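Novice: Going by the working numbering, the first residue of the sequence shown is number 6, and it counts up by one from there.
Virtual Cβ for every residue (Gly too), placed ideally from N, Cα, C.
Since the structure is predicted, the reported quantities are computational estimates derived from the model, not experimental observations.
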Amino acid sequence: MIRTLLVDDHAIVREGFKRLFHNTGRYEVVAEAADASQALEIVRLRPIDVAVIDLSLATADGGLLLLRMMGKKLPNVRRVVVSMHSDPGVVLRALDEGAHGYVTKTAAIAELVSVIDRVMRGDVALSSDISQAVERPKDFGLTPRELETLRGLLSELPPKAIAADLGISVKTLYRHRTSLMVKLGARTLPALARVARERGYLGMLHPEL
6 MIRTLLVDDH
16 AIVREGFKRL
26 FHNTGRYEVV
36 AEAADASQAL
46 EIVRLRPIDV
56 AVIDLSLATA
66 DGGLLLLRMM
76 GKKLPNVRRV
86 VVSMHSDPGV
96 VLRALDEGAH
106 GYVTKTAAIA
116 ELVSVIDRVM
126 RGDVALSSDI
136 SQAVERPKDF
146 GLTPRELETL
156 RGLLSELPPK
166 AIAADLGISV
176 KTLYRHRTSL
186 MVKLGARTLP
196 ALARVARERG
206 YLGMLHPEL
């Protein structure tokens, strides 16, 4: 059984998720939390495989803060956001802060389980109602600005130097990196380099290659 932590400030929502996961026969809700501090205390004290997190906790950025802290302190715990927010900017921010999956609360139950299954296999997964808004079709090219960002990311320069060269902050660079990874279907920088080579972007970045 996959040990699951539910993080939502509404008890009735947590109860519904508990029943859902019980019915899968694969996920066991071993702990619940109503806010970020409770969740961090739980994962510090007991083993958790995946945390299902609502972005809107006690504070407006409570879910994002939790994603960030868990990513730093417990990187092996998979993190899936379930939220009412479907704005692409919010989705990308959550991914940038460490979410491995994102599902809107309007998605079907089967899709929620499917996204979490994919996350547990090591993928970055989104529910279908937001994936098209976040990802451009794979046969579309990158903009000149995106190519500049890709060139920087695939260089050997440190993030601070890349950001300075692009005239943006390091935080914005990380957000652009996440956007490129989602758009190109890559989960790591080596995978991003491979996709760039396969689609001919590498030659555009370095004409001699």
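Please say whether Val-12 and Ala-38 have beta carbons closer to each other than 7 angstroms?
Specialist: yes
Novice: What separation, rounded to the nearest whole angstrom, lies between the Cα atoms of Arg-141 and Val-55?
Specialist: Any answer about Arg-141 is weak, because its pLDDT of 43 lies below 50 and its placement is not dependable; what the coordinates show is given next. The alpha-carbon atoms of Arg-141 and Val-55 are separated by roughly 28 angstroms.
Novice: What separation, rounded to the nearest whole angstrom, lies between the Cα atoms of Leu-70 and Leu-158?
Specialist: 25 angstroms
Novice: Check the DSSP bridge columns for Glu-33 and list the partner residues they point to.
Specialist: Arg-8
Novice: May I have a chain-ordered list of the beta strand (DSSP E) segments no shorter than 3 residues that lie completely inside the segment 78-158?
Specialist: 83-88, 106-109
Novice: When we look at the beta-carbon of Asp-144 and count the other beta-carbons within 10 Å, is it buried (16 or more) or exposed?
Specialist: Confidence at Asp-144 is low in this model, with a pLDDT of 40, below 50, so the placement of that residue should be treated as unreliable; the coordinate-derived value is given next. By the neighbour-count rule (16 or more Cβ atoms within 10 Å), Asp-144 is not buried but exposed.
Novice: On the premise that Tyr-107 lies in contact with Val-82, defined as a C-beta separation below 8 angstroms, what is that separation, rounded to the nearest angstrom?
Specialist: About 16 angstroms; that fails the 8 angstroms criterion.
Novice: Tell me which residue opens and which closes the beta strand (DSSP E) that Ala-56 is part of.
Specialist: 55-58
Novice: Verify the CB distance criterion: does Gly-103 have a CB-CB separation below 7 angstroms to chain B?
Specialist: Going by chain labels, chain B is absent from the structure shown, which holds only one protein chain.
Novice: Looking only at its own chain, which residues have a Cβ that is under 7 angstroms from the Cβ of His-90, when we skip the five neighbours before and after it?
Specialist: So the list reads Leu-60, once near-sequence residues are dropped.
Novice: From Met-216 to Ala-104, what distance separates their C-alpha atoms?
Specialist: Any property of residue 216 remains undetermined from this structure, which presents the chain solely from 6 to 214.
Novice: At the level of alpha carbons, what is the spacing between Phe-22 and Ala-168?
Specialist: Using only the alpha carbons, I get a separation of about 41 angstroms.
Novice: Going by CA-CA distance only, name the one from Leu-50, Gly-127, Asp-134 that's closest to Thr-109.
Specialist: Asp-134
Novice: Note down the Cα distance separating Ala-44 from Lys-165, rounded to an integer number of angstroms.
Specialist: 32 angstroms
Novice: By the three-class DSSP mapping on this structure, what secondary structure does Ala-39 have?
Specialist: coil
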